[in-house]
Structures are given as structure tokens and as C-alpha cells.
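Number of protein chains: 2
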Amino acid sequence: MPDLHIQLDFGSDVPIYNQIVAQVQELVLMGALHPGDQLPTVRQLAAELRVNFNTVARAYRILDESRLISTQQGRGTYILGTPDPHKSEAARRRTLEELARRYRDSALGLGFSTSEALAALQALLSTAAEEPSPAERPNTAAENGPQEKV
Amino acid sequence: MPDLHIQLDFGSDVPIYNQIVAQVQELVLMGALHPGDQLPTVRQLAAELRVNFNTVARAYRILDESRLISTQQGRGTYILGTPDPHKSEAARRRTLEELARRYRDSALGLGFSTSEALAALQALLSTAAEEPSPAERPNTAAENGPQEKV
DNA sequence: TTTATTATTGTATCATTGTATCATTGAATG
DNA sequence: CATTCAATGATACAATGATACAATAATAAA
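Chains as they are written, first to last, in my numbering: chain A, 44 to 193; chain B, 44 to 193.
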């Protein structure tokens with residue numbers, strides 16, 4: 044759990060929670076925080092910064108909504124995996140193949156044939172015609188990161 | 044002791060224990076788990092899912108209270124009689140569709156298109172040509188399950 | 001076999017973490 | 001002034017984790 048060295052300016056007109064948001068974003072961008080890293084708890088950081096922990100929680104929630112971190116009740120908050128660009132194309136491909144294997148095995152385990160599994164996927168993809176552009180979609184999933192407290 | 048192939052989404056707002064409950068219900072409903080089958084121990088499943096075993100225990104307790112499983116201190120947890128003995132074909136179909144949805148969403152989360160997801164599955168199914176016939180799968184069912192002293 | 005010991009299983013209790021809701025503050029505005 | 005509203009604080013809560021415990025099984029000892 045790294046010390047974030049966040050510096051607040053209580054005289055500023057920019058709200059505390061926004062200062063926290065900005066500085067965490069900065070730390071991630073500069074590479075001081077890596078995917079999977081656990082952030083201080085809302086109460087720890089709040090004590091360090093001499094603010095109410097709700098203010099830290101509010102900052103964390105904003106960062107969570109922007110998919111930069113993952114806040115998990117009872118577990119903590121973790122830096123979320125960077126969207127895509129850092130993962131090599133080969134690694135992405137291997138992950139996709141692993142997902143396909145899992146889907147096939149699950150279907151077989153339920154007594155379906157591989158052709159039925161394939162047909163089910165085709166049916167799903169044809170019904171949901173509107174396929175969101177990967178560029179626009181705010182990276183809903185991938186959630187690889189935070190479950191392991193590194 | 045079957046591997047349940049439970050997949051958790053730590054970023055979701057639905058609690059872990061509810062995700063476990065839902066997926067076990069699913070597995071029973073579609074016939075992947077039969078009366079008498081022993082579930083993984085709370086610690087085994089917890090280690091596999093990277094969560095605290097109390098979380099698994101909480102899920103098991105909920106399933107026990109709904110009379111779907113029987114948790115027995117010192118013995119383990121076992122599938123009870125299914126409330127609906129005829130696992131409907133519709134339920135199996137719904138489960139397959141849910142699995143397909145998960146596969147698609149995971150692929151999209153990795154930045155792949157739906158067509159790429161489909162192609163990956165097709166490639167996998169073509170390479171592994173040996174497909175076990177569903178008819179051959181013997182019902183590994185409850186024939187001699189570990190007598191539940193309920 | 002019988003008994004004692006050890007291991008494994010689920011249970012109970014509390015601590016820790018983030019969340020939800022409302023109260024308070026203080027500055028902007030009329 | 002009074003009003004309003006965003007920012008922050010206080011409190012209660014839900015989800016998860018850590019630890020000790022009790023019940024059952026498995027094994028060893030007598």
C-alpha cells in the first residue's frame with residue numbers, strides 16, 4: 044500500500060476531492076502506481092490528509108467511475124488494469140483463446156455439443172446487432188487487476 | 044468434488060456471495076450438479092476464487108436456507124434434491140445463452156469485436172475435432188451419493 | 001475393537017473496508 | 001438578512017476478511 048504523497052491546498056477554490064482525483068490520475072500517468080496496486084483505505088488516506096474519509100471516498104468513487112481504479116466494499120481499492128494499449132496483441136489473443144476454451148468446456152459440461160455452443164454464440168451476436176465501437180466503449184470489463192493484492 | 048467453473052466479477056455491484064449463490068443455482072438447475080454431489084469445501088472454493096472463505100460460507104448458508112444444498116459441519120456440503128426434478132430443456136438453454144453472453148462480454152472487454160470472438164471459437168472447435176456425443180455422457184448422477192444425514 | 005489424537009469441515013464473532021444517508025458549514029446570490 | 005447549494009462531516013450500514021471455535025472424519029495407539 045504505497046504512500047501517495049498527496050499535497051492538498053486547503054486555501055484553493057478547487058474542492059479537496061477534486062485535488063485527490065487529479066493527483067491520483069497524475070500518479071498513475073507517471074507510472075508511480077501500477078495495475079493491481081492497492082491504494083490506501085479511505086480512512087487511512089483521510090487521516091493522513093486530515094480530512095473526512097467521505098471526502099476520500101468521493102474521490103475514489105469518481106476515479107472508479109472513470110475506470111481508473113476499482114473500489115470493492117470490504118476489500119479495498121486497487122489500480123485497475125490499463126485499458127488495452129499495454130497488453131500485447133499476442134497476449135490479448137491468448138486470453139481470447141482461453142476464454143473460448145472456457146466457454147466450450149462449460150457448454151460441454153452441460154451436455155451441449157460444440158455445434159450447439161457455436162450456434163448459441165452466433166444467435167447472440169446476430170440478435171444484438173448494434174456492436175459498440177471498441178474505441179467509444181469505456182472499457183467495461185477486463186477486470187483482470189484488483190482481485191489479487193499483489 | 045466437481046470444479047464449479049464459477050466466474051466472479053469483482054467490479055460488479057452485486058456482492059461476491061450473491062454471484063456464487065446465483066451460479067450454483069444455475070449449475071443445479073441445468074443439471075451440471077446432481078443430488079448427492081459434494082461441493083468444494085468453503086476453503087477450496089475460496090482459494091480458487093481468491094476470496095475469503097467466509098464469503099463462500101455465506102453463499103453456502105444462503106443456498107442451505109433455500110434447501111438447495113445441505114451444509115454439514117465437519118462433513119462438507121452436498122447438493123440436495125432439486126426442487127424441480129425435471130431440469131427443463133429451457134433452463135439448460137438459458138444457461139448456455141448466459142455463458143455465451145459472458146464470453147462475448149469478456150471478448151469485448153479485451154477490445155475484440157464480436158466477429159473476432161466468433162472466429163476464435165470456430166478456430167478452437169475445428170482444431171479439437173473429437174467431440175464427445177452428449178448421449179454418451181452417463182448421468183453421473185445421484186446414484187450412490189454420500190448419504191445425507193439431513 | 002476401542003480409545004485417543006489429529007486433520008478437516010463448517011460456524012461464530014469481530015475487525016476492516018467501502019457505501020448510503022443525512023446534518024452541518026460556508027460562500028454565493030437574491 | 002434569507003435562501004440556496006455545493007463541499008464536507010457524522011453516523012449507521014453492508015460486504016469482506018481474520019481469527020478462534022465446534023463438529024465430524026480420519027488415523028494412530030492401546
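Virtual Cβ for every residue (Gly too), placed ideally from N, Cα, C.
query, result
"List the endpoints of the continuous alpha helix (DSSP H) containing G152(A).", "E132 to G152"
"Taking only beta-carbon positions, decide if H77(B) is within less than 8 Å of chain A.", "no"
"Can you name the residues of chain B whose CB is closer than 7 Å to the CB of Y60(A)?", "Chain B residues near Y60(A): none, gap ~21 Å exceeds 7 Å."
"Y146(A) touches chain B at which residues, Cβ-Cβ below 8 Å?", "L142, A143, R145, Y146 and L164"
"Please check the pair Y60(B) and Y146(A), which I expect to be a contact at CB under 8 Å, by giving their CB distance rounded to whole angstroms.", "No, Y60(B) and Y146(A) are not in contact; Cβ-Cβ is about 25 Å, not under 8 Å."
"Excluding the 5 residues preceding and the 5 following T157(A) in the sequence, name in chain order all residues of the same chain whose CB lies nearer than 8 Å to its CB.", "R147, A150 and L151"
"Would you say M44(B) reaches chain A, if we count a Cβ-Cβ gap shorter than 8 Å as a contact?", "no"
"Give me the Cα-Cα distance between Y103(A) and Q50(B), rounded to the nearest whole angstrom.", "25 Å"
"Given that F155(B) touches chain A, what residues does it touch there, using C-beta distances under 7 Å?", "L139"
"Chain A beta carbons: is any one of them nearer than 8 Å to that of A150(B)?", "yes"
"Residues of chain A with CB closer than 9 Å to the CB of R135(B), please, in chain order.", "L153, G154 and F155"
"Cα-Cα, which of P78(B), A100(B), D80(B) and G79(B) is closest to Q87(B)?", "A100(B)"
"Taking only beta-carbon atoms, is F96(B) less than 8 Å away from chain A?", "no"
"Could I get the ranges of all uninterrupted beta strand (DSSP E) runs contained in the stretch 58-85 of chain A, with 3 residues as the minimum, in chain order?", "none"
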